[in-house]
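Residue numbers (numbering that gives the first Met the number 0): 0 to 509.
Virtual Cβ for every residue (Gly too), placed ideally from N, Cα, C.
For clarity, every value in this text was computed on a predicted model and none was experimentally measured.
A short write-up of the structure that comes next.
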Amino acid sequence: MQLTEIHNRIKRMASDYASPFISAVLCGLAAHTFAFTNKLMNADEVDSLFGKGATVTSGRWGLEAVKPLLPAQSMPWLYGIITVLLFALSACLIIRLFDIRGRLIQILLAGMITVFPSLTGTFCFMFTSSAYALSFLMAVTAVGLFARHKGRIRWIVSVILLVLSMGIYQAYIAVTASFFVLCVFKTALDGENSLKKFISDAVKYLAVMLISVGIYLAVTVAVLKLTGSEFNFYVDQNLLDGSSSVSVLGRIRMAYDFMVYYFSYREFALITGEFSRYCHIVLAALCALGVIIAAVNMARTRKIYAAAAILGAVVILPLAIDCLFLAFAKDSIHSLMLYSFVSIYILSAMLLESVFAGGKLFSRCARDIVYLCVSLAIVSNIYFANGIYLRLYLNYENAYSFCSVLLDRVQSVEGYDEGCSLAIIGDQDNKMTHFDRYIDIGYLQGAQWDLVNIYSREKFFNYYLGTSIPFAPKEKIAELQQDERFLEMSEYPYYGSVKKIDDCIVVRLG
């Protein structure tokens, strides 16, 4: 391919996808700029201010590999912008993959990609956000290459991309699975009526995922052995042990149950706000109607296999979206891991351009309803994101004030000197959750944590209060908890709740 041809192709693609790309960036900025211009935090963010969190020990060896490109410093503005740009690029690839041609639905779909609550949850953990965006882009690219091209090279490239994607964040395998199901749906929707074609595509899609997962697991085991590491507590409890507590059929049922819960109870905050819930119910009902119409139309034209593939793909789609329930313990799954839910919006876009195309009154009304529902959901998600970030900001302000006063009390204790260590024992009873009645955060991992009672308390004191006083080790705290002098202490903030015991300044919380 000559340079002139490459240049012309890039110009053509830039022209074709300029509108959705700009929409994705602008919507992303409207939703997340507050997170980019403030240092928001939770327990993990405090702990990984200069790190990538649990990497090799959680099976995310890819987070170590990207450090030369994305250094281990949680930089909100830079990583925020990079993340939005990568997701905007992913949105354009998704539009190309599923051949979404209508300009308005392109703009809405791209905007939804960058305001979806899973990305809001990702920005609660800014230290991994840009790496996760790269992982998402690789997963989408792998599906696009495999579904739109032929030949052996697509197998190699797609498998490499999927392995690297899982190496950064394993949860995006659900995005891959749901997008492959939508590829089968699109083939049927386009009128393909070959049983051999549907079976062949489905088998190949499943095979490339299984091969990728197998290689990923092999690489993970090899990395653990080479580094002398082992899986951390989170993996042991939520994947290795958690996977055996529920039967396979029970897990499949759980996957379908949660698809209902997203709409009925706004589980995992994938649907933000009660009004948005009604918009999603209408959108889902319209999608169901569109699928039935598409299947009936195919049956009328004697395309029985196409009709069956349409219905089969829609039945399988919830399982693909929630396929993580097949491997992970239910309690370990949270909003960040469920980006695959955007498949619902892609499905509605495909139906809008096929079943609901044309100038009939019903088709025009259906399209307008889709436009309206997705638009209102985007607005709801933007408000939700800003509410989440406000909550995190207020949590920090409260925690900073609380810990500053506490540190002042510590440094005022008689006998305080440079040889002392600090032992903060217990948790604050009056947890700072008084914003809950004003800000609905749903079950968004990271946003609901109380910054006063966090496991990374020592780093909070070091990084944000500027003190270098060492914290007492666990063994010393266990010893102090049995000490009569500690048992006689009152609870903070009352008199006698901070005192020196031996070489420790002890604070007794609730």
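Apply the 10 Å Cβ neighbour rule to residue i and answer buried if 16 or more other Cβ atoms are within range, or exposed otherwise.
i	result
F361	exposed
E417	exposed
M111	buried
N7	exposed
K51	buried
M349	buried
Q481	exposed
T226	exposed
T127	buried
I152	exposed
L88	buried
R100	exposed
Y437	exposed
P472	exposed
V369	buried
M12	exposed
C419	buried
Could you check where the beta strand (DSSP E) with residue i kicks off and where it finishes?
i	result
K498	V497 to I500
Counting only the same chain and skipping the five closest in sequence on each side, list residues whose C-beta sits under 7 Å from that of residue i.
i	result
R484	I500
T466	L406 and F460
E191	A305
A201	V183
A356	S362
Y454	A42
Q105	S18, P19, I94 and I99
What does DSSP give as the partner residues of residue i in its beta bridges?
i	result
C503	S420 and I500
Can you list, in chain order, the residues of its chain with a C-beta nearer than 6 Å to that of residue i? Leave out the 5 residues immediately preceding and following it.
i	result
A294	A306, I309 and L310
G272	S379
A284	none
C182	A146
Please state whether DSSP places residue i in a helix, a strand or coil.
i	result
F470	strand
D321	coil
F485	helix
P116	helix
R514	Residue 514 lies beyond the stretch modelled for the chain, which goes from 0 to 509, so this question has no answer here.
D435	coil
S246	coil
E266	helix
W448	coil
N37	coil
Q72	coil
E229	coil
L77	helix
S347	helix
L508	coil
A109	helix
A328	coil
K51	coil
R100	coil
T271	coil
H279	helix
P492	coil
List the endpoints of the continuous alpha helix (DSSP H) containing residue i.
i	result
R366	L360 to Q410
G213	L194 to T226
G166	R151 to I167
I5	L2 to D15
F135	M125 to R147
E457	R456 to Y463
L543	There is simply no residue 543 to check, as the chain begins at 0 and stops at 509 in what is shown.
A42	A42 to D46
L62	G61 to A64
Which residues in the same chain have their Cβ closer than 8 Å to the Cβ of residue i, if we skip the five residues on either side of it in sequence?
i	result
W76	F35 and T36
V409	Y415, L421, I468, V497, I504 and V506
V527	Nothing can be reported for residue 527, as the shown portion of the chain is limited to 0 through 509.
L160	M137, A138, T140, A141 and L144
S244	A328
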